[in-house]
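Below is one structure, written out as structure tokens; comments come after it.
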Amino acid sequence: MAPLPMGVRFIISFSRDQWYRAFIFMLTFLLYASFHLSRKPISIVKGELHKQCAAADEPEPRFGGPSSSTRRSPTHWLLNNETETETDCGWAPFDKNNYQQLLGALDYAFLCAYAIGMYLSGIIGERLPIRYYLTFGMLASGAFTALFGLGYFYNIHSLGFYVVTQIINGLVQTTGWPSVVTCLSNWFGKGRRGLIMGIWNSHTSVGNILGSLIAGYWVSTCWGLSFIVPGAIVGAMGIVCFLFLIEHPKDIKCSSTLPTHPRASENGINRFRVQKQTTHSEKNGPLDPELQCLLLSDGKSPLHPSHIVVLPGDRTSSMAAISFTGALRIPGVIEFSLCLLFAKLVSYTFLFWLPLYITNVDHLDAKKAGELSTLFDVGGIFGGILAGVISDRLEKRASTCGLMLLLAAPTLYVFSSVSKMGLEATIAMLLLSGALVSGPYALITTAVSADLGTHKSLKGNSHALSTVTAIIDGTGSVGAALGPLLAGLISPSGWSNVFYMLMFADACALLAEGALTSESPGAPGPIFHITVFGKDETKDPVMKRKARPFHVHLGATRKLP
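Going by the UniProt record's numbering, the sequence shown opens with residue 1, and the numbers climb by one from there.
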């Protein structure tokens, strides 16, 4: 018999469950990357919506210089009577001297709607099928992202049009985060959650990078396409979501985790107790699909079906969706939410204003500034993964966040000074700042949210994760809305003041994280109960009384009291 090709051996070396997990990992990664891809164009196009008001035959003055304000004009095109040349000042109404406040209003409209909608999104998402809910959000988001770009082709100069478009887009995009985090947590257990979600959360940076490159390609020639193309991509991914997303492993009879102890597991509804061997006719009886799913490990059942009977559980409320106030009472939710508020304020200020800052400081055009700003997201990829690895190794999420926040504050101060020294210094500080700013943000929104959503105080309620995730990310989105708004209001007085604001926010995030009275949430409570007796022990009543039940949750095993 001929040996199998290397590629085939590689494929069959993984179990069915592992292939499905890898598929869901990549699919949810791409789905949410497309959301961020559609958010990035506005920051790239800002440099085109307001241009330096200079005649075509004049050398372009230094952006933000002392004479720059005198050169700007509130009209889109100016006619210079002396030189008889046309001057382009940008796209009305963003061609006026208060353009920074107007651009900040666009950011605030989107992020404020996103923050408000996020609190409702998690509650709604727990009561609807994830696949349908996420598909609707992606199709709607694609439509309104493209609608913003259509303002270029239809020559729309109404501020209200762009603000309303941003508000609706912010609302529909709230469907994304609770849905993908819940779906991923359904498929992956707690073991190495920090590393897995640290790698997975790089979709934020990947989406930002792709969005910057796509928007930058058309920004100088036809900025409308900078929105229409990302909108089309999000809509297309929505169709992919509808066709391929599998919400839970039980839908295809897979195991949600690979248990480390083959004899114990629990689901909060039924308990499985090993009994003595049953008759031959009982052996041949069909196994309940849900039970089969729960017992599968690499495609094989660790216990014979005849050894298991289903007993009524004591957690009748486990399938009920948790209330908003109930989620707030989970230890750590409020503290981590406040920490994320300030951490996300810093991150989203960079997201929406970094290209314009680079344009001002390094005097680059909108396209080059957009490309250079992607280095912040490259640093964010490494920062998110590093935070996940450290938190898994130390088993301390809060300490990991605190350390990175502590290092981020002085780094921001150095960035504000060093970035003015040249392009090379800007590149180095972009990478370092991206890692330290994005690390805590990524850890809180993924691994910490999943830990809290499966906290032991929930007693196996699997319907709390979406609400907890929405509360944490919704509170963080309040900071995300305030950051760009404050940057737009403060930047006219100087970019140094913007960095002082960011350093203050970073210090507040560190204080909020320090308010935690205990380390990152403990392991969740039991979900499945199985009491296991040896083959001979079932005949001995004394051994039965001495037997101690075990429970398994997300890859960990411990004795029940």
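Glycine residues also receive a C-beta, built at the ideal position from the N, C-alpha and C atoms.
Assigned secondary structure, residue i (DSSP; H/G/I helix, E/B strand, else coil)
{"i": "residue 250", "result": "helix"}
{"i": "residue 122", "result": "helix"}
{"i": "residue 51", "result": "strand"}
{"i": "residue 90", "result": "strand"}
{"i": "residue 98", "result": "coil"}
{"i": "residue 131", "result": "helix"}
{"i": "residue 402", "result": "helix"}
{"i": "residue 410", "result": "helix"}
{"i": "residue 222", "result": "coil"}
{"i": "residue 420", "result": "helix"}
{"i": "residue 37", "result": "helix"}
{"i": "residue 141", "result": "helix"}
{"i": "residue 105", "result": "helix"}
{"i": "residue 113", "result": "helix"}
{"i": "residue 255", "result": "coil"}
{"i": "residue 1", "result": "coil"}
Assigned exposure category for residue i - 16 Cβ within 10 Å defines buried
{"i": "residue 592", "result": "Beyond the ends of the chain as shown, which are 1 and 561, falls residue 592; an answer cannot be given."}
{"i": "residue 4", "result": "exposed"}
{"i": "residue 251", "result": "exposed"}
{"i": "residue 337", "result": "buried"}
{"i": "residue 135", "result": "buried"}
{"i": "residue 395", "result": "exposed"}
{"i": "residue 153", "result": "exposed"}
{"i": "residue 325", "result": "exposed"}
{"i": "residue 6", "result": "exposed"}
{"i": "residue 155", "result": "exposed"}
{"i": "residue 2", "result": "exposed"}
{"i": "residue 203", "result": "buried"}
{"i": "residue 401", "result": "buried"}
{"i": "residue 215", "result": "buried"}
{"i": "residue 221", "result": "exposed"}
{"i": "residue 13", "result": "exposed"}
{"i": "residue 379", "result": "buried"}
{"i": "residue 429", "result": "buried"}
{"i": "residue 34", "result": "buried"}
{"i": "residue 9", "result": "exposed"}
{"i": "residue 26", "result": "exposed"}
{"i": "residue 433", "result": "buried"}
{"i": "residue 11", "result": "exposed"}
Enclosing alpha helix (DSSP H) for residue i [first to last residue]
{"i": "residue 14", "result": "Neither: residue 14 is in no alpha helix (DSSP H) and is coded neither H nor E."}
{"i": "residue 208", "result": "203 to 218"}
{"i": "residue 384", "result": "366 to 394"}
{"i": "residue 344", "result": "333 to 362"}
{"i": "residue 442", "result": "423 to 443"}
{"i": "residue 166", "result": "159 to 172"}
{"i": "residue 230", "result": "225 to 244"}
{"i": "residue 500", "result": "495 to 514"}
{"i": "residue 477", "result": "465 to 490"}
{"i": "residue 448", "result": "No alpha helix (DSSP H) contains residue 448, which DSSP labels as neither H nor E."}
{"i": "residue 155", "result": "No alpha helix (DSSP H) holds residue 155; DSSP gives it neither H nor E."}
{"i": "residue 327", "result": "324 to 328"}
{"i": "residue 182", "result": "176 to 187"}
Anticipated Cβ contact below 8 angstroms, residue i with residue j, distance rounded
{"i": "residue 388", "j": "residue 443", "result": "6 angstroms"}
{"i": "residue 131", "j": "residue 245", "result": "5 angstroms"}
{"i": "residue 41", "j": "residue 230", "result": "6 angstroms"}
{"i": "residue 422", "j": "residue 384", "result": "Not confirmed; about 28 angstroms, so no contact."}
{"i": "residue 232", "j": "residue 142", "result": "6 angstroms"}
{"i": "residue 366", "j": "residue 374", "result": "Contact flag wrong, Cβ pair sits at about 14 angstroms."}
{"i": "residue 498", "j": "residue 490", "result": "5 angstroms"}
{"i": "residue 211", "j": "residue 37", "result": "4 angstroms"}
{"i": "residue 107", "j": "residue 484", "result": "4 angstroms"}
{"i": "residue 28", "j": "residue 180", "result": "4 angstroms"}
{"i": "residue 175", "j": "residue 238", "result": "About 10 angstroms; that fails the 8 angstroms criterion."}
{"i": "residue 382", "j": "residue 435", "result": "5 angstroms"}
{"i": "residue 341", "j": "residue 476", "result": "5 angstroms"}
{"i": "residue 196", "j": "residue 188", "result": "6 angstroms"}
{"i": "residue 24", "j": "residue 184", "result": "7 angstroms"}
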